[in-house]
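As you go down the protein sequences, you meet chains A and B in turn.
The first sequence begins at 1 in the working numbering and counts up one residue at a time.
The second sequence begins at 1 in the working numbering and counts up one residue at a time.
All C-beta atoms, glycine included, are put in the ideal place defined by N, C-alpha and C.
A quick note: this is a predicted structure, and the numbers were derived from the prediction, not measured.
Single-structure report; data block below.
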Amino acid sequence: MPTSKEVTSQENLVVPKTARFSWLGLVMALPPVLVITCFVGIPILIAAGLSLGFTGGPNRVIALIGQEIHPKNHWWGTLDGYKSVFKDPRFFGDLKLTLSVTLVSTVVVIVMALGMAIYRRIRGGKLATVLVSLSLVPLFVPVVISAFAIKTFYDGTGFMKTLFSQFGIDFPTLTMTSSAIAIGTIWTSLPFAILMISSGLQSIPDALIESAQDAGASFFRIVHTIMIPLAFVPIIIATTFTAIGIMGSFTIPYFLGANQPAMLGVEIPNFFSSYNRPQQSVVMAFVIFGAASLVAIFYVWANLRSAKQSGRI
Amino acid sequence: MKFKFYKIAALVASVALIASGSMYQASAATQTIRLYISADTNIQDLWVKTLIPEFNKTNPDYKVDVTFDRNGANDAQTLAKILASKGTGRDSGIDLIDGGIVTTLGKAGLLYRSNTGSTPNLKDVPYALVKNGSGGIPYRASTVLLAYNSKNVKNPPKTLADVLAWAKANPGKFTYNAPAGGGSGRSFVQTVLDSALPKTDVKTLQTVASKEAQAGWSKGWEILRSLNKVTYGQNGTYPTNNAATLDLLAKGLVDLAPVWSDQIASAIKAGTMPKDIKYYGITTPALTGGPAYLGIPSASKNRDAARVLVNWVLTPAAQNLIVSGSLNGIPVIAPAKLDPTVAASISSLDIASLRAPYLAVNDFDMKAAWAIEVPGK
């Protein structure tokens, strides 16, 4: 009698699947799980409590110090904190800016990264490799440095302004605008997207592309029916990570954005410390958390899809 | 296995030895004052490079341990720690605090209240300042002044009304930073708001939380909104913080801006600000300024030692250092008590005449309201 269950894979090969409980496996998985539970999970629960007006226990000090705190008036809490944020004239402007910058920057980043990756896959060669390597440089520049560099580049005495004034053209001062935030976030997000998508495309077998070319498929046909579907998961991963990263970014919008509206990544610490309204800042954090979760659903869906296709589930 | 056990035992023994050693040290004749600084690096320098070495010359029996928290990044945790130590009666690890949280602690009744009995030198500090501290001890001050580029501005405006008129006559050449980002812009905003308020309401906002008095801000917001078209950028945007204002001034992009007295003086001294930049105080009303407070948490273990340091900081010798050192601060004792040459450098600044900022609660509300009312409107 076999001790392990036997499953049949798609290729009709019999592989033994051991479902034995392993202490070693548990011990190895435990540290990250514990760290996530203690330092992320529990604080999220405490913050959720504060957003619903639970002002006792671990929230006692913050509720004592903070202003405009709405304490709970039902057993489950209160929605007054959420109401006060939704009634705040700043909030929807901030949310609109956050979502629009996220959308615009993500689309631009993915399109540019795709272009770069496809060029490298189809044409290849030394130049393409050099270009891809160069495009990764921003990955190694700390964000605060790049934010300051972009600020000095586009501000009132910046390079663009100086250059254009040589020809008598008044180049607009871009700092303190949403365009500057978009430029900054694209600059910082591009390398990761290129890395992800280009490695996804590199793994497509030459045989597929060459046979399509032999059959007379056009360039766009190859990109559309072979390359993008086969690199689908890396593209989705790059998209979701870029979008979530931009949505919660602080440094770039802090250096380059206008005072109002501000991206939520800047507005949340403003509310928390400068305005001393911790409850409202936590509520905003949950709104952005919700938006990021919607993006994350794509990621999960794409992973499930690829897992199904390869027969893992 | 046995070898391993010995190793662990040796480790435990050595840790215990080190721990007992340090405990022994703490209980020796030397008393340790654990100073917690929640401020910018210029304040860290003031303590570590200037005040503490000088204090130790006359008080060799005291050791000052400094914990530095840049710009109060951990203020919330520090507050929580002190509050918790009060509740549990356990040591919070802090004997003396220099930072913005001192006033919050004072209002919450978590500070040891010093008086002239325990801290004799308090008698030289104006009583109003001591009272406002609610337990915090004022030990230096700074105020907001106007800085101008003397190359382009020959007759800088002397009153607030003149400043507003100047800004409108010279579009793009004046600015102030967002109040949430730094005290210099905050002071300008408060001064404009105050100029349109009855004197009693200004007093109220400086001393108690009052939504009624805040209602009077609407006129001031209108004045500030009218500047949107004439401040730097001319599109209703403002520099993010004190440093950004100084940057615009140094690059010659603006000719007039409110700045902190100590920051501008240090910048000119260090050469990061061109020599053409000069600064002065305006009147009717003046820009606000105020003292920085030291606080001794009421649960502090070494409060007697902390009191000795506080008392020393209020002596003319220490106050001289605050004024003449790299900080360029304002003394909290009368300039007549200082070294005459030092006193001459601050003859135009008197701590007693500084216009006080709002109480923290109103100040937070002002910063929050400015963001709704002014930028981009």
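Could you name the residues of the same chain whose beta carbon sits closer than 8 Å to that of A128(A), not counting the 5 residues immediately before and after it, in chain order?
Y119, R120
How close, in whole Å, do the beta carbons of A306(B) and S300(B) come, if the pair is a contact with beta carbons under 8 Å?
6 Å
Show which residues of chain A have a CB atom less than 7 Å away from the CB atom of L83(B).
V61
For R307(B), which three-state DSSP category applies?
helix
Rounded straight-line distance, which links the Cα of S274(A) to that of A371(B)
The alpha-carbon atoms of A371(B) and S274(A) are separated by roughly 11 Å.
Use the C-beta contact count for Y127(B): other C-beta atoms within 10 angstroms, 16 or more gives buried, fewer gives exposed.
exposed
For the segment 89-106 of chain A, which residues have a beta carbon sitting closer than 7 Å to at least one beta carbon of chain B?
If the cut-off is 7 Å between Cβ atoms, the segment 89-106 of chain A has P89, R90 near chain B.
Neighbouring residues, chain A, relative to L79(B) (Cβ below 7 Å)
Per Cβ cutoff of 7 Å: V61, I65.
Below 8 Å on the Cβ atoms is my guess for I244(A) versus W187(A); work out the distance and round it to an integer in Å.
The pair is not a contact, with the Cβ atoms about 17 Å apart (cut-off 8 Å).
Is DSSP giving W260(B) helix, strand or coil here?
Looking at W260(B) - three-state DSSP - the assignment turns out to be strand.
Taking F241(A) as the reference, give the member of I110(A), E210(A), G290(A) with the closest Cα.
I110(A)
List, from N- to C-terminal side, the alpha helix (DSSP H) runs of 4 residues or more that fit wholly inside the segment 117-150 of chain A.
Segments of the alpha helix (DSSP H) lying fully in the segment 117-150 of chain A: 125-135.
Could I get the ranges of all uninterrupted alpha helix (DSSP H) runs contained in the segment 35-78 of chain A, with 4 residues as the minimum, in chain order?
42-51, 60-65
Below 8 Å on the Cβ atoms is my contact criterion, and I expect A84(B) with V259(B) to pass it. Report the Cβ-Cβ distance as a whole number of Å.
In fact, because the Cβ distance is near 38 Å, the residues do not count as touching under 8 Å.
I237(A) lies in the alpha helix (DSSP H); which residues open and close that run?
Unbroken alpha helix (DSSP H) run through I237(A): 232-247.
If you compare alpha carbons, which of D365(B), V308(B), P375(B), L359(B) is closest to G117(B)?
V308(B)
Would you say A258(A) faces chain B, with C-beta separation under 8 Å as the test?
Output row for A258(A): interface = yes.
Give me the Cα-Cα distance between D162(B) and T284(B), rounded to the nearest whole angstrom.
10 Å
S142(B) lies in the alpha helix (DSSP H); which residues open and close that run?
Looking at the DSSP string, S142(B) is not in any alpha helix (DSSP H); the run it does join, the beta strand (DSSP E), is 137-149.
Does the beta carbon of S274(A) sit closer than 8 Å to a beta carbon anywhere in chain B?
Closer than 8 Å: yes.
Are the beta-carbon atoms belonging to A113(A) and A193(A) less than 8 Å from one another?
yes
Have a look at P179(B) and K96(A) and give me their C-alpha separation to the nearest angstrom.
24 Å
Residue span of the beta strand (DSSP E) that contains I97(B), given as start and end
96-99
So what does DSSP say about R90(A), is it helix, strand or coil?
Three-state result, R90(A): helix.
At what residues does the alpha helix (DSSP H) containing I372(B) begin and finish?
360-373
Report buried or exposed for Y280(B), applying the criterion of at least 16 other Cβ atoms within 10 angstroms of its Cβ.
exposed
Backbone secondary structure at G183(B) - three-state DSSP
helix
Using a Cβ cut-off of 7 Å, pull out every chain B residue sitting near M176(A), in sequence order please.
G233, T237
DSSP three-state call for T288(B): helix, strand or coil?
Strand, per DSSP.
Those residues which DSSP pairs with K278(B) across a bridge:
Y148(B)
Can you confirm whether T78(A), when its beta carbon is compared against all beta carbons of chain B, has any partner nearer than 8 Å?
Chain B places no beta carbon closer than 8 Å to that of T78(A), leaving this residue out of the contacts.
Shorter than 8 Å from the beta carbon of G184(A) to some beta carbon of chain B?
no
Under a CB-based cut-off of 8 Å, is I372(B) close to chain A?
At least one chain A Cβ lies under 8 Å of I372(B).
Integer-rounded CB distance, given that G57(A) should sit under 8 Å from H70(A)
17 Å between Cβ atoms; not a contact.
Which two residues bound the contiguous alpha helix (DSSP H) that contains F250(A)?
No alpha helix (DSSP H) contains F250(A), which DSSP labels as neither H nor E.
Would you say Y254(A) faces chain E, with C-beta separation under 8 Å as the test?
The displayed structure is made up of protein chains A and B, and chain E is not among them.
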